[in-house]
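A.B. asks: Quick one: structure below, then a few questions.
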Amino acid sequence: MRLYTTISILLLSNFLFAQKPLYFDKLNDFKNGYALVQTGNLKGFIDVDGNLIGKLDVIQTLDNGTDFQGKTVYLQRQFGFHKDAIRKFTGEFILNPSFSIQTVNSFFIIKDFKNLSKPTFKIMNENGQIIFSVISKNGVQDPILPISNELIGIKNLDDKYSKYYAIKSLVSDFKSDYNYKKFKKLKNGFIKAFRYSETEGKNKWGFLNSKGEVAIDFMYSYEPSDFNENKAIVKNIDNLFGYIDNDNKIILEPQFVEASKFVNGKAIVRLYNHKKVNNITNYGYRLINEKGEILFDFKELRVDKKYDESKYDIIENGNLIKLKHGSKISLFNVDNFEIKETPYNSIGEFDSNLALVVFKKEDKKKMGYINEKGELVFCTETKNQF
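In full-length UniProt numbering, the protein residues as written are 1 to 386.
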């Protein structure tokens, strides 16, 4: 186990000269290679080079503005009933603002209520392509769920009380029984699903393969993680986390109060919430290998990321972990155990090798984007009014 590490300090003044100015009031995280930016009430998107795509426009969105960003399109929400739209990043409308649209499993579900007795439901993928359409009847709510570009969940439209989905293939005649409650998106060859288990006598989580066939039986009370590097995180009835392989064999027994996905053979786990060790509060974070061997003890350092059981993502960009360091954030490299103390008050999630940062410069709040080295690549600036 590594006991010591190298600490380096990134000074803001040392690399501000290298940044490209961004003349916007507000920035958001990158997603699929694009980030939403805002000046006044006008919004638009920039690419990873900091270039504005198209022009700023009046775009109504929720939360951080992105709602859902596909690879070439995004969801625009406008105030009012059935006024959602799908637009390209360059501004052109694929669907005009006359629909109700929700996002499920990285797909758009487009609801057209022009005929209230027989509304039309369509599934659009992240490239803006319609892959399935159905006319609902008998008042069946949420009749379809997207799973992948080749599989959907569909309810029995002849039963107005239908609550369960069947799996339907879009490329073959395969269709399952109507016994599924939930699906998650296809990822790394597996689909998480939630359905009634005959042996357990209640709904349980399990895994399907890319064809919709059962790959891992429905035995888990809590939703597992997606498979990553042939491993998934599972949680037992004592609220402890462990790991299984893609044959459903336990490779690390449930023993952790928190666990993260393996990335390049390494994962962050938490053995306990906190305890005193040599009069220093140890928060229980450890870096482990695939055998469960401890590679690094973080001791008094804490991971700067709210634990999210729906993601289990702590290692970002292949080898980086964000740590709390007083009021600032440090970057820990899982390959060489180097800690870089940064001047940033917050660091967002890495996407396309860039992460959103917030910091102060001359007592003014600034936003920008850093690369994987912690170097400031872009920074907000105010245009000279003259």
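Ideal placement from N, C-alpha and C gives every residue a C-beta, glycine not left out.
Contact check, Ala267 vs Ile288 under 8 Å by CB: the rounded distance?
C.D. replies: 6 Å
A.B. asks: Check whether the Cβ atoms of Leu36 and Phe378 sit closer than 7 Å, and answer yes or no.
C.D. replies: no
A.B. asks: Give every residue of the same chain whose Cβ lies closer than 8 Å to the Cβ of Tyr220, excluding the five residues on either side of it in the sequence, and list them in chain order.
C.D. replies: Lys204, Trp205, Gly206, Val234 and Lys235
A.B. asks: What are the residues that DSSP puts in a beta bridge with Gly70?
C.D. replies: In DSSP, Gly70 forms no bridge with anything.
A.B. asks: What did DSSP end up calling Lys26 once you bin it into helix, strand or coil?
C.D. replies: Secondary structure at Lys26: strand, using DSSP grouped into helix, strand and coil.
A.B. asks: For Gly206, list the residues DSSP reports as bridge partners.
C.D. replies: Ala193
A.B. asks: Quick one: what does DSSP say Pro224 is sitting in, helix, strand or coil?
C.D. replies: Of the three classes helix, strand and coil, the one that applies to Pro224 here is coil, per DSSP.
A.B. asks: What residues match up with Val277 in a beta bridge as DSSP calls it?
C.D. replies: Ile280
A.B. asks: Using the Cβ count rule (16 or more neighbours within 10 Å means buried), how would you classify Phe121?
C.D. replies: buried
A.B. asks: With a cut-off of 8 Å, do at least 3 Cβ pairs link the stretch 122 to 138 to the stretch 72 to 89?
C.D. replies: Yes, since at least three Cβ pairs between the stretch 122 to 138 and the stretch 72 to 89 fall closer than 8 Å, the two stretches touch.
A.B. asks: Could you give the distance in angstroms between the alpha-carbon of Lys373 and the alpha-carbon of Leu271?
C.D. replies: 29 Å
A.B. asks: Going along the chain, which unbroken runs of the beta strand (DSSP E) with 3 or more residues stay wholly within the stretch 83 to 146?
C.D. replies: 84 to 88, 93 to 104, 107 to 112, 120 to 124, 130 to 135 and 144 to 146
A.B. asks: Taking its Cβ as the centre, do 16 or more other Cβ atoms sit within 10 Å of Ile59, making it buried, or is it exposed?
C.D. replies: With at least 16 other beta carbons inside 10 angstroms of its own, Ile59 counts as buried.
A.B. asks: When the cut-off is 7 Å and only beta carbons count, does Tyr196 lie next to chain C?
C.D. replies: The structure shown has no chain C; it contains just one protein chain.
A.B. asks: In its own chain, which residues sit with a C-beta less than 6 Å from the C-beta of Leu301, not counting the 5 before and 5 after it?
C.D. replies: Shown here for Leu301: same chain residues with a beta carbon closer than 6 Å to its own, the five before and five after excluded, namely Leu323 in chain order.
A.B. asks: What is the DSSP secondary structure of Lys249, counted as helix, strand or coil?
C.D. replies: Secondary structure at Lys249: coil, using DSSP grouped into helix, strand and coil.
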